[in-house]
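Everything on this sheet refers to the single structure shown next.
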Amino acid sequence: MALRFYNTLTQQVEPFAPLSGNVVRMYTCGPTVYNYVHIGNLRTFTFQDILRRWLQARGYQLDHVMNITDIEDKIIRHAAAAHQTIYEYTAKYAEAFLEDTDKLRLQRPEHLVKATDHVNEMVEAIQKLEQRGFTYLSDGSVYYRISKFPEYGKLSHNDFSGIRAGARVDVDEYDKADARDFVLWKAKKDDEPSWQTPIGDGRPGWHIECSVMAMKYLGETLDIHTGGVDLTFPHHENEIAQSEAITGKPFARFWLHAEHLSIEAQKMSKSLGNFYTLRDLIGMGYPPEVVRYLLESVPYRKKLNFTMDGLKAAATSIERLRNYKLRLETDKFPAGTNDNLIERTQKATQAFDEALDDDLNTAEALAAVFEYTRDTNTAMDAGEFLTGNAISALEFLQHFDSIFDVLKPTAQTGGVNDEEVEAEIAKRDAAKKSRDFKMADQIRAQLAEKGVIIEDTKQGVRWKRQ
Ligand code: AMP
Ligand code: ZN
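Heads up: the sequence shown begins at 146 in our numbering, then just goes up one per residue.
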């Protein structure tokens with residue numbers, strides 16, 4: 146079956162293909178950079194990475210935009226408390242965000258764009274809405290009149306027929322099912338950063354930012370818009386209302402939303418204070434790829450309940466896969482190819498691909514990999530697994546890792562890289578040959594201190610990281 150995704154807009158799983166040609170035009174709501182992101186945020190960004198990689202595996206090219214929200218109420222408050230400009234304050238966290246996503250091996254979008262670099266375009270968009278009668282002014286702020294947009298509610302599937310015309314909010318987030326006119330442009334307040342513009346002195350609201358940056362780089366109708374499930378309403382509903390009021394065209398064809406990561410049955414969030422950052426977990430000794438594995442192991446539309454046991458289980462799973470790979474690379478298998486096992490590899494590859502085609506079912510995809518490793522390990526023990534099978538098994542593992550990307554260990558600071566390990570092993574071999582066993586043992590112990598374990602096997606020296 147073809148590639149398909151659950152679309153929040155239609156509430157159905159639908160076959161996916163881009164609107165034109167081979168390029169998928171995709172927009173992702175990025176972080177609000179007033180603090181380090183937590184692993185709940187990173188779950189959503191990791192889902193987007195899997196989505197990118199699988200679209201590429203299916204032959205598509207990405208044209209992907211992510212915004213960085215660098216002007217917003219909390220940012221203004223925090224920057225003022227730190228006696229910094231919003232630019233100084235947000236630069237640090239925008240940088241930290243990229244460091245974290247790099248560590249998690251998330252591909253960078255083709256365009257990473259900042260809200261403060263697009264204020265002129267936001268003003269122009271608000272003027273267009275004004276000309277079309279979608280706005281009104283109150284105390285110097287400009288509001289979007291949602292009663293003018295009859296389709297309001299179509300994404301979140303809320304019935305807003307009884308909306309209170311004229312009720313409005315200044316804040317960017319408000320209660321579910323309570324539809325109110327939202328702010329497009331906030332009038333200048335004392336001490337707050339502001340821009341002098343034809344629509345008055347002030348600053349943009351959060352929602353207009355995404356409509357403007359999405360359409361500037363990707364055109365009027367996007368193929369895919371993504372975000373965490375909490376953004377469906379009001380943020381994405383408001384993006385649709387703004388964009389479609391300007392263009393008269395559908396804003397995004399597919400809306401994909403990642404479910405929350407929770408901890409002790411609560412949504413992990415900065416405001417509740419119940420969060421871990423990636424930095425916290427690395428500090429506790431978990432390499433980034435273990436966190437990545439945990440985040441990708443639960444399909445994105447299911448809640449992910451974060452526990453330390455889950456993290457340990459992720460580390461064990463990676464270890465099993467690395468050991469399996471090591472066995473494929475270092476065991477001496479009998480010559481030839483066992484055709485039944487080639488068929489087994491094809492079956493596993495098919496199951497893996499089918500799982501990801503099915504709305505990115507990562508749990509099923511992993512199950513296909515682990516069943517395969519179990520079966521082939523048994524075949525190896527029985528002497529039925531031949532050199533030709535090792536080649537196809539390694540290809541399958543590589544296919545798996547082109548999406549999950551967990552097999553290569555992250556080089557630890559103060560540790561050793563692969564080349565250095567190989568060089569130390571060569572030195573140890575030389576020491577053993579000249580019967581300098583003390584030196585050989587010393588090299589083994591030094592490597593062990595750096596987390597590298599050496600094993601002498603019949604087939605020669607093997608090594609792995611702890
Ligand atoms: P923010 O920086 O708060 O705008 O959030 C950045 C992204 O993380 C958005 O797509 C949110 O929907 C998402 N997000 C926030 N909290 C969680 C959570 N606990 N689990 C998964 N995604 C989340
Ligand atoms: Zn957004």
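Backbone N, C-alpha and C fix where the C-beta goes; we use that ideal spot for every residue, glycine too.
With a cutoff of 9 Å on beta-carbon distance, F192 and T371 are scored as near each other.
Every residue whose beta carbon comes nearer than 5 Å to a heavy atom of ligand 2 appears here in chain order: C174 and C355. Counting C-beta pairs closer than 8 Å gives fewer than three between the region 488 to 501 and the region 465 to 479, which falls short of the contact rule. In this structure, G596 is the residue among M360, D581, G596 and K448 with its C-alpha nearest to the C-alpha of G430. When only Cα atoms are considered, R250 and S416 end up about 27 Å apart. Using a cutoff of 8 Å, the CB of V443 does not count as near ligand 1, since none of the ligand's heavy atoms is closer than that. In the DSSP annotation of this structure, the continuous segment of the alpha helix (DSSP H) that includes T461 starts and ends at M453 to T475.
Taken in chain order, the unbroken stretches of alpha helix (DSSP H) that lie wholly in the region 467 to 531 and span 4 residues or more are 484 to 502 and 507 to 526. Taking the Cβ of S407 as the reference point, at least one heavy atom of ligand 1 falls within a distance shorter than 8 Å. Using a 10 angstroms sphere on the CB of V158, the tally of other CB atoms stays under 16, which defines it as exposed. H256 and T521 have their alpha carbons spaced roughly 43 Å apart. A513 sits away from N483, with the two beta carbons spaced by 9 Å or more. Annotation: F305 is outside any beta strand (DSSP E) and is labelled neither H nor E by DSSP. Under DSSP, the beta-bridge partners assigned to M211 are T173 and L257.
Within the chosen limit of 8 Å, ligand 1 reaches the beta carbon of S414 through at least one heavy atom. For F242, the uninterrupted alpha helix (DSSP H) segment begins and ends at I231 to K248.
Taking 4 residues as the minimum length, the alpha helix (DSSP H) runs contained wholly in the region 395 to 454 are 423 to 428 and 433 to 442, in order along the chain. Distances from the CA of A147 to each of P554, N265 and W199 were compared; the closest alpha carbon is that of W199. For T366, no beta strand (DSSP E) segment is defined, and its DSSP state is neither H nor E.
By the criterion of at least three beta-carbon pairs nearer than 8 Å, the region 180 to 194 is in contact with the region 227 to 246.
Counting only the Cα atoms, L511 lies some 15 Å from Q491. Within the same chain, Cβ atoms closer than 7 Å to the Cβ of L363 are found at R170, Y172, D208 and V210, the five residues on either side in sequence being excluded. No heavy atom of ligand 1 is found nearer than 8 Å to the CB of F378. Proximity of the region 267 to 286 to the region 326 to 337 meets the contact definition, three or more beta-carbon pairs being nearer than 8 Å. According to the DSSP assignment, E296 belongs to no alpha helix (DSSP H), since it is labelled neither H nor E. In the three-state scheme derived from DSSP, where H, G and I count as helix and E and B as strand, K361 is classed as helix. The criterion of a C-beta distance shorter than 9 Å is not satisfied by L486 and L439. Judged by their CB atoms, P432 and T555 are nearer to each other than the 9 Å cut-off.
About 5 Å separates the Cβ atoms of L406 and L449, confirming a contact at the 8 Å cut-off.
In this structure, V268 places its C-beta atom within 9 Å of the C-beta atom of P343. Of the residues assessed, A575 falls on the exposed side of the cut-off, its CB having fewer than 16 other CB atoms within 10 angstroms. DSSP assignment within the region 535 to 594 yields no whole beta strand (DSSP E) run of 3 residues or more. Membership of S388 in the alpha helix (DSSP H) is indicated by the continuous run E382 to T392. For the set N383, M584 and T452, the Cα lying nearest the Cα of R573 is the one of M584.
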